[in-house]
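Residue numbering for the sequence shown follows the working numbering, starting at 6 and increasing by one per position.
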Amino acid sequence: MATTSFVELASGLLEAMGQRLDSARPVPEGLTIRTGDGFLYAFLENPDLVSLDTIRRLFGDGDEIPTHLVVLTPGRLPLAISAEVLRRGGTVVEGNRFHELARQLGLEAFLGEEPRAIPARPRRLLPSAQQLDQVMGRARTWLDWGVPALALRFYRQASSLKPEYVPAKIGVGRALLGLGLVDDADRAFREVLSSRPDDLDARLGLAAGYGARARPKDEIEVYRALLAEDQARLEVRAHLVAALVDLNDWAGARVEIEALLARTPEDAQLRFLLGAAKTKLGLEKQGEKEREEARVLGLSFDREVILCQHLGLPSPAPRPGPELLPTPTPNVRKKPAVSRPKTPVKKTPKPLAKKVRPTARHPVPSRKRK
Numbered sequence: 006m007a008t009t010s011f012v013e014l015a016s017g018l019l020e021a022m023g024q025r026l027d028s029a030r031p032v033p034e035g036l037t038i039r040t041g042d043g044f045l046y047a048f049l050e051n052p053d054l055v056s057l058d059t060i061r062r063l064f065g066d067g068d069e070i071p072t073h074l075v076v077l078t079p080g081r082l083p084l085a086i087s088a089e090v091l092r093r094g095g096t097v098v099e100g101n102r103f104h105e106l107a108r109q110l111g112l113e114a115f116l117g118e119e120p121r122a123i124p125a126r127p128r129r130l131l132p133s134a135q136q137l138d139q140v141m142g143r144a145r146t147w148l149d150w151g152v153p154a155l156a157l158r159f160y161r162q163a164s165s166l167k168p169e170y171v172p173a174k175i176g177v178g179r180a181l182l183g184l185g186l187v188d189d190a191d192r193a194f195r196e197v198l199s200s201r202p203d204d205l206d207a208r209l210g211l212a213a214g215y216g217a218r219a220r221p222k223d224e225i226e227v228y229r230a231l232l233a234e235d236q237a238r239l240e241v242r243a244h245l246v247a248a249l250v251d252l253n254d255w256a257g258a259r260v261e262i263e264a265l266l267a268r269t270p271e272d273a274q275l276r277f278l279l280g281a282a283k284t285k286l287g288l289e290k291q292g293e294k295e296r297e298e299a300r301v302l303g304l305s306f307d308r309e310v311i312l313c314q315h316l317g318l319p320s321p322a323p324r325p326g327p328e329l330l331p332t333p334t335p336n337v338r339k340k341p342a343v344s345r346p347k348t349p350v351k352k353t354p355k356p357l358a359k360k361v362r363p364t365a366r367h368p369v370p371s372r373k374r375k
C-alpha cells in the first residue's frame, strides 16, 4: 500500500495539471486515478513490487479499457515491464522524469527535496500571461521529450486558461497524434481551421493525420500543395522529407533534402540524411562522404545511431575518444623542462668540481674566474 505522502503527491500532481478526477482507488503497488477524459494514471511508489501481472491488470482496470494508461513511479521499472506498457500503447514516466514533473509543479518537498529557486521574471507580463507561458513551456518540454500524455495535460490546461489561444489548440492536436488518437487530433485541427482556414500548423497537423493512418501519398500531396503556395516554407519541406523517407522514396527525398541544404548548409542532420539518401540510391562512397561531413558539422554519435536505426542503415562504428587512446607509461612520459623549477644546486657544474679539488690555495672556481 502506498504511503500517505505518496498519495498526497499523486493527488497534487494531477490537481496542479488541472485534471478532474473521476475516481481514485488504492492498489497493492500504489494508487490509480481515472480522469474525466478516460486516462488512467497509475502511481506506483515502489517499482520493485510491480510485475507483468500488475500491468495487465491495470490495462483491464474498471468497466471500460482506459483510453491511455500512464504509469508514474519515482524509481525505475524493470525493462521488461516498461516495454510491456509501451507495447500496449501506454506511457511511462519514471526516475528522473518523475522527479522533474514534481519540480515543475512545485511539489518537490514530497520527494524530500529543497524547493527550486524561482527565476526572476521581467514584469512586463500580467500574472495570467505568466501562468499561461509557464504551462505552455511545460507542455512543449514533455512533447519534445516524447511524452505526449503529459504534454496533452498541459496543453489542455493552457486552453482552459485562454480558450481562444491557438498555439495551445495546435499543441492538443499534436499530443493526440503522438498518442495515436488520430480522430481526436483531426477534430482539434479542424476546430482551428474553422476560424483560421489558412493556419499552417493546423494544415500540417491534418496532413500528419494521413501519415498516421498509413496514407503517405495523401500526406505528401498536402505538403506539395502547401509548397506550391509558398516555396519558402522550410518547415513544410522538412515534413515532406520525413514523409518521403517513410514511403522509401529516396530519389524524391534527395531532391528535397538538397533544397533544404541550399538554405541551411551547416545542418548536420540534413547532411546525414543526404548521405543516407545517396547510400540508398547506390552511391555508397558519396553517401559516406556526406556522413563524414555531418560528423564534422557536429552530429553526435548517439544521434547518428538513432538515425541509422530509424532509417535501416548499419550502425556506425564507435568513434575514437580520449578514453580509447593508450595511456603513456611513466617511463615514456616527458614533461617540459619549464615545469621543474631550477635550484642553485643544479646550477653547479659537477664535472668542474671533480677536476679541481678545493684547498686553501685553490678554492672552488667561481663563475667570475670562469
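Note that beta-carbon positions come from the ideal geometry of N, C-alpha and C, so glycine has one too.
Same chain only: Cβ atoms within 6 Å of Trp147, ignoring 5 sequence neighbours per side: Numbered from its first residue, the sequence shown carries residue 147 at position 142. Apart from sequence neighbours up to five positions away, the residues of its chain that approach Trp147 with a beta-carbon distance below 6 Å are Leu155 and Ala156, ordered along the chain.
Secondary structure of Tyr46, DSSP reduced to three states: Taking the sequence shown and counting its residues from 1, the one referred to as residue 46 is at position 41. In the structure shown, Tyr46 sits in a strand (DSSP, three-state: E or B).
Beta-carbon proximity of Arg276 to Ala258, cut-off 7 Å: On the sequence shown, position 271 is the one that residue 276 refers to. On the sequence shown, position 253 is the one that residue 258 refers to. Contact: no.
Limits of the alpha helix (DSSP H) - the one that Gly17 falls within: Stepping through the sequence shown from its first residue, residue 17 is reached at position 12. For Gly17, the uninterrupted alpha helix (DSSP H) segment begins and ends at Thr9 to Ala21.
Boundaries of the alpha helix (DSSP H) in which Glu224 is found, first to last residue: Here the question's residue 224 lines up with position 219 in the sequence shown. Per DSSP, Glu224 is one residue of the alpha helix (DSSP H) stretching across Pro221 to Glu234.
Contact belief for Phe11 with Gly35 at Cβ below 8 Å, rounded distance in angstroms: Position 6 of the sequence shown, counted from the start, is the residue given in the question as residue 11. Position 30 of the sequence shown, counted from the start, is the residue given in the question as residue 35. Rounded, the Cβ-Cβ distance is 7 Å, consistent with contact.
Outcome for Ser164 when other beta-carbon atoms lying within 10 angstroms are tallied against a minimum of 16: On the sequence shown, residue 164 is found 159 positions in, with the first residue counted as 1. Ser164 comes out buried.
Assigned secondary structure, Thr284 (DSSP; H/G/I helix, E/B strand, else coil): For the purposes of this step, residue 284 is taken as residue 279 along the sequence shown, with counting starting at 1. Thr284: helix per DSSP, three-state reduction.
Residue burial classification, Trp255 (beta-carbon count within 10 angstroms, cutoff 16): Numbered from its first residue, the sequence shown carries residue 255 at position 250. Buried is the label assigned to Trp255, since at least 16 other Cβ atoms lie within 10 Å of its Cβ.
Continuous alpha helix (DSSP H) stretch holding Val97: start and end: Translated into the one-based positions of the sequence shown, residue 97 becomes position 92. Careful: Val97 lies outside any alpha helix (DSSP H), inside the beta strand (DSSP E) at Thr96 to Glu99.
Distance between beta carbons of Val197 and Val171, contact taken as under 8 Å: Taking the first residue of the sequence shown as 1, we reach residue 171 at position 166. Taking the first residue of the sequence shown as 1, we reach residue 197 at position 192. Rounded, the Cβ-Cβ distance is 6 Å, consistent with contact.
Whole-angstrom distance between Gly176 and Ala107, CA atom to CA atom: The sequence position of residue 107 within the sequence shown is 102, counting from 1. The sequence position of residue 176 within the sequence shown is 171, counting from 1. One C-alpha to the other measures close to 22 Å.
Bridge partners - Ile38, DSSP secondary structure assignment: As a working mapping, residue 38 is identified with position 33 in the sequence shown. DSSP lists Ala29 and Tyr46 as the beta-bridge partner residues of Ile38.
Sub-7 Å separation of Phe194 and Gly210 beta-carbons: Translated into the one-based positions of the sequence shown, residue 194 becomes position 189. Translated into the one-based positions of the sequence shown, residue 210 becomes position 205. One thing to note: Phe194 has its Cβ within 7 Å of the Cβ of Gly210.
Where the beta strand (DSSP E) through His74 begins and ends: Within the sequence shown, the letter at position 69 stands for residue 74. Per the sequence shown, the amino acid found at residue 74 is Leu instead of His. Unbroken beta strand (DSSP E) run through Leu74: His73 to Thr78.
Same chain, Cβ closer than 6 Å to Ala173, neighbours up to 5 away in sequence not counted: Reading the sequence shown from its first residue, position 168 is the one you call residue 173. Setting aside the 5 residues that flank it on each side, Ala173 is surrounded in the same chain by Tyr160, Ala163 and Ser164, each with a C-beta closer than 6 Å to its C-beta; the list follows chain order.
Spatially closest choice to Val76 from Tyr46, Gln135, Ala264 and Leu316, by CA coordinates: Residue numbering aside, residue 76 sits at position 71 when the sequence shown is read from its first letter. Looking from the CA of Val76, the closest CA among Tyr46, Gln135, Ala264 and Leu316 belongs to Tyr46.
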